[in-house]
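A.B. asks:
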Amino acid sequence: GCNPLAETGRSKLQNQRAVLNQQILKAVRLRAGAENLLRATNNNKVREQVLLELSFVNSDLQILKEELEGLNISVEVYQNTEETFSIPLVPLGLKETKEVDFTVPLKDFILEHYSEDSSEYEDEIADLMDLRQACRTPSRDEAGTEMLISYFLQLGYVENRFFPPTRHMGILFTWYDSFTGVPVCQQNLLLEKASILFNIGALYTQIGTRCNRQTKTGLENAVDAFQRAAGVLSYLKETFTHTPSYDMSPAMLNVLVKMMLAQAQECVFEQISLPGIRNEFFTLVKMTQEVAKVGEVYMLVNTAMNQEPVKDNIPYSWSKLAQIKSDHYKALAHYFIATILCDHELQSSDDEDQQEKALSQLYDYVPEGVMVLTILKDKVQRKQLGKAHLRKAIVYHEEALRVCSLCKKLRNIDVLQEVLTAAHKRSLLKYAQQDKEDDFLSLIQAPDILPKTEHKVETVAPQFSKVKVKDFFHRLGPLSVFSAKQRWTAPRTIRFCCEAGELGFSLKGGSPVQTYCLDPVCSAALMGLKEGDYIVSVGGVDCKWLGVNEVLEKFKSMGEQPIEIEVISCQDTTASMHSKSATYSVGMQKTYSLICLAMEEDKIDQTKKAPPKLPFLSWGTKNRQKAASTLCLPSAVAGSSQIKKKLSPFTLLSTESSLY
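Position 184 (the sequence shown) corresponds to 936 in the working numbering; numbering is contiguous.
#1: Residue 978: which of 987, 956, 999 sits nearest, CA to CA?
#2: Do you know how far the Cα of residue 928 is from the Cα of residue 772?
#3: Look at the Cβ atom of residue 1153, then the Cβ atom of residue 1182, and state whether they are nearer than 8 Å.
#4: Between residue 1259 and residue 870, what straight-line distance do the alpha-carbon atoms span, to the nearest angstrom?
#5: How many Å lie between residue 1239 and residue 788 at the Cα?
#6: Helix, strand or coil: which one does DSSP assign to residue 1288?
#7: Taking 8 Å as the threshold, find out whether the region 1207 to 1222 comes into contact with the region 976 to 993 through three or more Cβ pairs.
#8: Could you tell me which residues DSSP puts in a beta bridge with residue 1260?
#9: Kindly indicate which three-state DSSP category residue 913 falls into: helix, strand or coil?
#10: Would residue 1242 count as contacting chain C if we go by Cβ distances under 8 Å?
#11: Out of 914, 972, 782, 886, state which residue places its alpha-carbon closest to the alpha-carbon of residue 951.
#12: Exposed or buried, which one is residue 1037 when buried takes at least 16 other CB atoms within 10 Å?
#13: If you measure between the beta carbons of residue 1236 and residue 916, is that distance less than 8 Å?
#14: I'd like to check one pair, residue 1269 with residue 1315: are the Cβ atoms closer than 8 Å?
#15: Using CA coordinates, which residue listed in 812, 904, 784, 841 is at the minimum distance from residue 1223?
#16: Please determine, among 1078, 1144, 913, 775, the residue with the shortest C-alpha to C-alpha distance to residue 1230.
#17: Quick one: Cα of residue 1206 to Cα of residue 961, how far?
#18: By the DSSP assignment, the alpha helix (DSSP H) with residue 1021 in it spans what residues?
#19: Starting from the Cα of residue 1423, find the closest Cα among 1233, 1274, 1248, 1244 and give me that residue.
#20: Out of 865, 1015, 1150, which has the shortest C-alpha to C-alpha gap to residue 958?
#21: Ends of the beta strand (DSSP E) at residue 938?
#22: Tell me the DSSP bridge mates of residue 967?
#23: Could you give the DSSP three-state label for residue 1240: helix, strand or coil?
#24: Cα separation between residue 1169 and residue 1179?
#25: Please classify residue 1034 as buried or exposed, where buried requires at least 16 other C-beta atoms within 10 Å of its C-beta.
#26: I'd like to know whether the C-beta atoms of residue 854 and residue 880 end up nearer to each other than 8 Å.
#27: Does the separation of the CB atoms of residue 816 and residue 779 fall below 8 Å?
#28: Starting from residue 734 and walking both ways along the beta strand (DSSP E), at which residues does that stretch end?
#29: In three-state DSSP terms, what is residue 801?
#30: From the DSSP output, in three-state form, read off residue 887 for me.
#31: Are the region 1055 to 1073 and the region 1082 to 1090 touching, with three or more C-beta to C-beta distances below 8 Å?
#32: Between which two residues does the alpha helix (DSSP H) carrying residue 1042 extend?
#33: If you draw a straight line from the C-alpha of residue 1026 to the C-alpha of residue 966, how long is it?
#34: Skipping 5 residues on each side, what residues in its chain have a beta carbon closer than 6 Å to that of residue 770?
#35: How would you write the range of the alpha helix (DSSP H) that residue 862 sits in, first residue to last?
#36: Considering just the uninterrupted stretch of the alpha helix (DSSP H) at residue 1076, what are its terminal residues?
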């Protein structure tokens, strides 16, 4: 990973994010304590003081939320350092986490479950912890994404080797929500895997915004990066179906996927227009439809951002930027078609049918009584329709500038203001160049433009198989046998002699080999060998990864000497106990966050009165017992002291879920 102490702009932002996360956690704890006191006291004077304190704490939380939003819209830091004249793209910030010490739990499990000397695996445990630490500050390039993917794949091995379905390991994973800054703390490894996936997608977005959008290669890389980001986030949404934080909820991930695809489509348009836009009829027709497509996808993103339950947690400036881009690119579409109508008169050498067909494909409908071919031939109608499109373009440009001026964060982005202002002035200049005597006679309304693209962007599924990872704990043996789900007896030493060159049993299987067809009166059986035992060492040499032929070769090398082997016997595995702490859709355990529980309850009983909507950083207490592994925090209440006794966060903090 990158040097966490490096004073780069990106590292400064991440450090500020970490500080804000701690401040939000402190404020939330203060509020939880004040609410508990409010419920416990009947003294009116104390209640007044507590309510006053709660109002201050809630104000602080709102301010901290706005500061966190400011970090999420600090797009200039992530853009390419080259001088550009393009609207900034929006990256995702990396989720922050606390350090995790795997040493004691994994060493205890190796000794207890695998019956091996845990001190021999200290280097492997240290490598795992170093890799996790490096993943907190990945480099913003392909090496950074590969490192995150390698850790994600390594977690798959760790989960199978050390996390049995019947109990928790006592390792707490804490990750902070990238939008609200609120921590989620669980003992389930699936929270770790989901958060790493989110950071892989976030890193791809940062790579995409860093690309040089003034070159063809840079734009191609940007399109690819945003498509990959959308693919990772989509995979996260489909695989981890009930994630316990807002930023990884299905609704939020759905919006983020749409936003990344919209930014990819925007880069596609920039790629097409990079060589320059020729003032030629069919070229302008193509550019009109392409830019209209960009405006349409951003309109859909803005609509999705303003839907429940996303709109309360998505940064306000993101929603406004999506609206601005939608208006800006729609204005460009009307400007291009106005240029077609105002600058290109139908000549005798032009193909009328082709131009009529091309222009017809731009419109969903044409005004009643108006024929496309007539417009092409009639100079007056052509000018009138062109000016109508220019008027609509100016309206869209002015709306984009108005929305930008209303958002404090976006007002401070200079290049955004410059691009919007330049496009607005260009449309005004074009309109001023047209004849004005027919303005009061023109009743034509510019019809809407049909979006169309020849370069549709799609999600690119994550290709984990391309990153080769070796299991850190390879020495424990083949995962198919030596996993947390399997249970065996402790290794037994069997010392026997071959009788007339015969072992008295046969070997089968891959690695490790198993005994079968055991002669009950042979020397090995009399010394305690059982049918189906796994041979884990021969003559003190580990052979968990050896096949039948290799083990037989070792037996032969012993000659007439007594053979000493170590074997284990497989025991019946107990039924898996599904804990409500994380959700993995492929037959894994389920995790219930407060958001998901509320959504599920709405589906189960539509006739019941809907619970009041939770504001930012407010958590109900109704479902705390179901979400004991997630830090649950109550919302502010003010009312009668005769309230039913509710569990406070502190009463729920058991050894399995305590954040403190």
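All C-beta atoms in this analysis are idealised placements derived from N, C-alpha and C, irrespective of residue type, glycine included.
C.D. replies: So, to answer that:
#1: 956
#2: 10 Å
#3: Not a contact, by the Cβ cut-off of 8 Å.
#4: 29 Å
#5: Looking at the two C-alpha atoms, the distance is approximately 45 Å.
#6: strand
#7: yes
#8: 1266
#9: helix
#10: As a matter of chain content, chain C is missing from the structure shown, which is built from one protein chain.
#11: 886
#12: buried
#13: yes
#14: No, Cβ-Cβ distance for residue 1315 and residue 1269 is not below 8 Å.
#15: 904
#16: For residue 1230, the nearest C-alpha among the options comes from 913.
#17: 23 Å
#18: 1002 to 1025
#19: Outside the displayed span of the chain (753 to 1412) sits residue 1423, for which this structure offers no information.
#20: Residue 1015 is the option with its Cα nearest to residue 958.
#21: The continuous beta strand (DSSP E) containing residue 938 extends over residues 935 to 938.
#22: None, per the DSSP bridge assignment.
#23: strand
#24: 16 Å
#25: exposed
#26: yes
#27: yes
#28: This structure cannot speak to residue 734, because the chain is shown only from 753 to 1412.
#29: helix
#30: coil
#31: no
#32: 1033 to 1057
#33: When the Cα atoms are used, residue 1026 and residue 966 turn out to be separated by approximately 7 Å.
#34: 848
#35: 855 to 865
#36: 1068 to 1095
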